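Taking it in order: structure first as structure tokens, then the write-up.
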Amino acid sequence: ARVNLYDRLFMDEDPEKGGQDFTQNLNPASLEILNDCKLEKNLAHARPEQVFQFERLGYFCLDVKDSTSSAPVFNRTVTLRDTWAKVTGKQR
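To get this note's numbering, take the position in the sequence shown, counting from 1, and add 963.
Now the structure itself:
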């Protein structure tokens, strides 16, 4: 399966701050694509309106546009807070 990990689209809260063109403030790491992910068998029957929690990563839903029955795609919709990463300085 493919898993899309979305992050903030802009690097600053106000992308037009100081009269800047908002495109200069785009986050180059706003999408991380993980390919060949292993999933639990029951996710083969996932429906677009269902939400799933992937362990330690967040909440995901089936991508209705890019998924096929033989190649599912899941999008992260909400991240989980990682207290341990915050303590060690390795927030993802």
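C-beta: ideal position from N, C-alpha, C; glycine also.
These numbers come from a predicted model, not from an experiment.
Three-state secondary structure (DSSP) of residue i
| i | result |
| --- | --- |
| Gln983 | coil |
| Leu968 | strand |
| Arg1039 | strand |
Beta-carbon gap between residue i and residue j smaller than 9 Å
| i | j | result |
| --- | --- | --- |
| Pro1011 | Val1027 | yes |
| Gln1016 | Leu1025 | no |
Exercise. Residue ranges of each beta strand (DSSP E) run of no fewer than 3 residues wholly in the segment 984-1031, ordered along the chain?
Worked result: 994-997, 1014-1017, 1021-1025
Exercise. Does the count of Cβ pairs from the segment 998-1008 and the segment 976-987 closer than 8 Å reach three?
Worked result: Too few Cβ pairs lie closer than 8 Å, so no.
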